[in-house]
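A.B. asks:
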Amino acid sequence: MTGTQILVVEDEIIVAEDIRRSLQNMGYNVPVTASKGEDAIKIAGENNPDLVLMDIVIEGQMDGIQTAEQIRSRYNIPVVYLTAYSDIKTLERAKITEPFGYIIKPFKERELNINIEIALYKYRMEKKLRESKEWFTTTLKSISDAVIATDSSGCVKFMNPVAQSMTGWALEEAYGKPLKDIFNIMTEKTRRKVRTGGKDTNIEANLTVLINRHKSKLPIEVGSDPIRDDRENIVGIVTVFRDITERKRTEDNVIGLKDFYECVLESIVTGVWVTDKDDIISYANKGMGIVVQQNVVGINVLSDFPEFFRPYYLKARETLQPFYYEAVPFVAGGQTNYYSGWLVPRIKDGSFNGMICTVESIPRHEVAE
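Numbering that gives the first Met the number 0 applies: residue 0 is where the sequence shown begins, and numbers increase by one.
1) So, using beta-carbon positions, are Gly-59 and Thr-82 closer together than 9 Å?
2) I need the straight-line Cα distance from Ile-42 to Ala-67, nearest angstrom please.
3) Determine the extent of the alpha helix (DSSP H) in which Asp-427 is found, giving its start and end residues.
4) Under 8 Å Cβ to Cβ from Val-31, same chain only, skipping five residues before and after it: list those, please.
5) Identify whether Thr-149 lies in helix, strand or coil by the three-state DSSP scheme.
6) Given a cut-off of 9 Å on the beta-carbon distance, is the pair Val-155 and Leu-178 in contact?
7) Could you check which residue in Asp-348, Phe-307, Lys-126 has the C-alpha nearest to that of Thr-335?
8) Identify every residue that forms a DSSP beta bridge with Asn-75.
9) Cα separation between Ile-210 and Asn-159?
10) If distances are taken between C-alpha atoms only, which option among Gly-340, Asp-242, Val-14 comes closest to Pro-105?
11) What are the residues that DSSP puts in a beta bridge with Tyr-338?
12) Of all the options Pro-310, Asp-277, Leu-111, Val-273, which has the alpha carbon lying nearest to the alpha carbon of Asn-294?
13) Tell me which same chain residues have a C-beta within less than 6 Å of the C-beta of Ile-103, skipping the five on either side of it?
14) Only counting runs of 4 or more residues, tell me where the alpha helix (DSSP H) segments fall wholly within the region 30-75, in order along the chain.
15) How many Å lie between Arg-109 and Trp-134 at the Cα?
16) From what residue to what residue does the beta strand (DSSP E) around Pro-218 run?
17) Spell out a yes or no on whether the region 238-247 and the region 217-226 are touching, meaning 3 or more CB-CB pairs, one atom from each, closer than 8 Å.
18) Is the beta carbon of Ile-55 closer than 9 Å to that of Ala-39?
19) Taking the beta strand (DSSP E) that Phe-106 falls in, what are its first and last residues?
20) By the three-class DSSP mapping on this structure, what secondary structure does Val-295 have?
21) Give the straight-line distance between the Cα atoms of Val-29 and Leu-119, rounded to the nearest whole angstrom.
22) Given a threshold of 16 other Cβ atoms within 10 Å of its Cβ, counted over all protein chains shown, does Pro-321 qualify as buried or as exposed?
23) Between which residues of its own chain and Gly-383 is the CB-CB distance below 6 Å, once the five residues before and five after are set aside?
24) By the three-class DSSP mapping on this structure, what secondary structure does Met-25 have?
25) Keeping to the same chain, check which residues put their C-beta closer than 8 Å to that of Val-208; ignore five residues upstream and five downstream.
26) DSSP puts Ser-350 in a beta bridge; with which residues?
27) Counting C-beta neighbours from all protein chains within 10 Å, is the total for Val-193 16 or more, i.e. buried, or is it exposed?
28) Kindly list the residues whose CB is nearer than 7 Å to the CB of Gln-163, restricted to its own chain and excluding five residues on each side of it in sequence; keep chain order.
29) Looking at the structure shown, is Glu-133 part of a helix, part of a strand, or coil, going by DSSP?
30) On the criterion of 16 or more Cβ atoms from any shown chain inside 10 Å, does Ala-326 qualify as buried, or is it exposed?
31) Looking at the strands, I want to know which residues DSSP matches up with Ile-279.
32) Using 9 Å as the limit for Cβ to Cβ distance, is Gly-36 near chain C?
33) Does the beta-carbon distance from Val-51 to Ile-12 come in below 9 Å?
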C-alpha cells in the first residue's frame with residue numbers, strides 16, 4: 000500500500016475531499032483530485048497514478064465513462080467507478096471500458112479499501128500475464144521453426160512469421176480459419192537404395208510435404224502437442240514444423256556420393272572391407288569375395304578371420320597408424336597363397352572406431368623366394 004498513488008475524479012469538492020482524506024488515512028497517496036474529464040486525462044498523463052477512482056457523472060464535455068476509456072487506452076491505468084447510479088444502461092456502458100471495480104455510493108471506508116486492493120491485485124496479475132504473453136509471443140516470432148496455434152475447435156489463433164512465410168498465409172487472413180485450410184500437408188512415398196548385407200535394396204519412406212497457398216510443395220518435419228488448461232482439458236493445439244529442403248538435398252547428395260563410391264569400389268578387383276568399432280566386418284566389396292572365396296560381412300576379425308591376419312590388424316588397431324602387410328603367406332587346403340594390403344584405422348574423438356582394409360592375392364611367381 001505504501002507509495003500507491005490514486006487519482007480521485009469527483010466534481011463535488013466536498014465529496015472529493017472526503018474521499019481523499021479517507022484514502023490518506025488508509026495509507027494511500029492522493030496528491031491531487033480532478034473534477035473534469037479533460038483535467039483527469041492530463042493529470043493521469045503527468046502523474047501516472049497506480050489507480051483512478053472515477054465518478055461517472057462529472058463536469059465537462061466528457062462523463063466519467065468516456066474519461067475512463069481515454070485513460071485506459073492512453074495510459075493503461077486501472078479504473079474503479081464510484082457512482083450513485085446502478086441502472087442497467089449505465090452499467091452496460093461502464094463494462095465496455097473494462098473497469099477494475101464498481102462501487103455504489105454511499106459506501107464505507109472498508110468497502111472502498113477492499114475494492115481498491117482487489118483492483119490493484121487484479122491489475123498486477125493482468126500486467127504479469129500481458130508481460131508473459133509478450134515474452135512468449137516475441138520468442139515464438141524470433142525462432143527459426145514455424146509455429147501455428149489453434150483453439151479447441153481447430154481454428155487458427157496464432158502464426159509466427161516463419162509459419163506465415165511457409166504457408167503463404169498472413170495471420171490476419173488465416174485467423175479463425177480451420178487449420179486444415181491453412182496447413183495443407185500430405186505424405187509422399189520416396190524410394191531409396193540402401194546396402195544391407197552386401198546387397199542393394201530399395202526401401203520406401205514417407206516424406207511429409209506442405210502444400211502452401213501458392214501450390215508449391217515444401218518437404219517438412221512436423222510435430223504437434225495439445226494445449227491444456229489447469230484442469231487438463233484440451234483448449235487448443237500447437238503445431239511446429241520446419242523446412243527440410245536443404246537437409247533433404249544434402250541427404251540426397253550424400254546418398255548419391257555413397258552410391259558413386261560404392262559403384263567404384265564394386266568395380267575394382269582389389270578386396271576392400273570395413274570393420275566397425277567392435278571389429279565386425281560391416282562392408283565388403285565384390286573384389287573381397289573373389290579374393291577370399293566367401294562372404295565375410297558379419298564376421299568378427301579377431302575371432303573368425305584367418306589367424307595369419309590378426310597380428311597385423313591388432314597392430315594397426317593399437318597404434319592407430321596405417322599398416323601395410325606385404326606378400327604374407329597363408330596355407331589353406333595344402334596350398335599356399337600370398338596376400339598384401341593396407342590396414343587404415345578409423346578414428347573418432349581420438350579412439351578406434353573401426354578399420355578400412357584392403358587385400359590382394361599375389362601370384363606365387365611374383366613372390367621373391
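Note that the Cβ used here is the ideal one computed from N, Cα and C, for glycine as well.
C.D. replies: So, from the listed chains and residues:
1) no
2) 13 Å
3) Shown here, the chain extends from 0 to 368; a query on residue 427 therefore has no answer.
4) Leu-6, Ile-42, Asn-46
5) Of the three classes helix, strand and coil, the one that applies to Thr-149 here is strand, per DSSP.
6) yes
7) Phe-307
8) DSSP output for Asn-75 lists no bridge partner at all.
9) Between Ile-210 and Asn-159, the C-alpha separation is close to 18 Å.
10) Val-14
11) Val-327, Ser-360
12) Val-273
13) Ser-85
14) 36-46, 63-74
15) Approximately 37 Å between the Cα atoms of the pair.
16) 216-227
17) yes
18) One thing to note: Ala-39 has its Cβ no nearer than 9 Å to the Cβ of Ile-55.
19) Phe-106 -> no beta strand (DSSP E), and no H or E assigned at all.
20) coil
21) 15 Å
22) exposed
23) This structure gives no information on residue 383, because the portion of the chain shown stretches from 0 to 368.
24) coil
25) Ile-184, Met-185, Thr-186, Glu-187, Lys-216, Leu-217, Pro-218, Ile-219
26) Lys-347
27) In this prediction, Val-193 scores a pLDDT of 43, lower than 50, which makes its location untrustworthy; the coordinate-derived value is nonetheless stated afterwards. Classification for Val-193: exposed.
28) Ala-169, Leu-170
29) helix
30) exposed
31) Asn-299
32) Considering every chain present, this structure includes no chain C. It has just one protein chain.
33) In this structure, Val-51 lies away from Ile-12, with their beta-carbon atoms at least 9 Å apart.
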